[in-house]
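In this text, residue positions in the sequence shown follow the UniProt record's numbering: the first is 1, and each later residue adds one. Backbone N, C-alpha and C fix where the C-beta goes; we use that ideal spot for every residue, glycine too.
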Amino acid sequence: MTLRKLDKAEWGAFFQNLTRALQGAQAEIDVMSLSIGAQAQTGWRPLFGLAYDEKDDVLEVALEGLDHLIPKPVEIFFDDQAGMIGSLEVTDRAEVKQIVKFRQPLALAGESR
């Protein structure tokens, strides 16, 4: 596992490419700060996509049944696992960390895709 920091200039294109790469994946979100501790925002849900809106300075994580917005992100790291992205760590201006974890759905034994 290697954490890599994304330059802000890369955010838009990175999330467009990541959305394509994670088609069919699931995600869960945890939120951590000194005031609230660590809390699960949501359990595993189908991921629709991720997008960074430069104009409004907001990162959107679209999941089934939840449109999670992270306003004013200041740092974004991703977990590089042998060329695969396992998670994102986003810190916003209020120093709240939001961890977005990814997984691909598992096929049932004996079923082919």
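task = Using three-state DSSP, classify residue 8 as helix, strand or coil.
result = Residue state for residue 8 is assigned as helix, using DSSP reduced to three classes.
request  = Would you kindly work out how many angstroms separate the C-alpha atoms of residue 70 and residue 81, rounded to a whole number?
outcome  = Distance between the alpha carbons of residue 70 and residue 81 is about 24 Å.
inquiry  = I'd like to know if the stretch 20–39 and the stretch 94–105 are in contact, where contact means that at least 3 CB-CB pairs between them fall below 8 Å.
reply    = Proximity of the stretch 20–39 to the stretch 94–105 meets the contact definition, three or more beta-carbon pairs being nearer than 8 Å.
ask   = Which residues in the same chain as residue 97 place their Cβ atom closer than 8 Å to its Cβ, once the five residues preceding and following it in sequence are excluded?
value = Non-local C-beta neighbours of residue 97 in its own chain, meaning closer than 8 Å and more than five positions away in sequence, comprise 31, 32, 33, 89, 90, 91, ordered along the chain.
task = Quick one: give me the first and last residue of the beta strand (DSSP E) that residue 103 is part of.
result = It spans 97–103 - the beta strand (DSSP E) in which residue 103 sits, taken as one unbroken run.
message = Helix, strand or coil, according to DSSP, for residue 50 in the structure here?
response = Note: residue 50 maps to strand in three-state DSSP.
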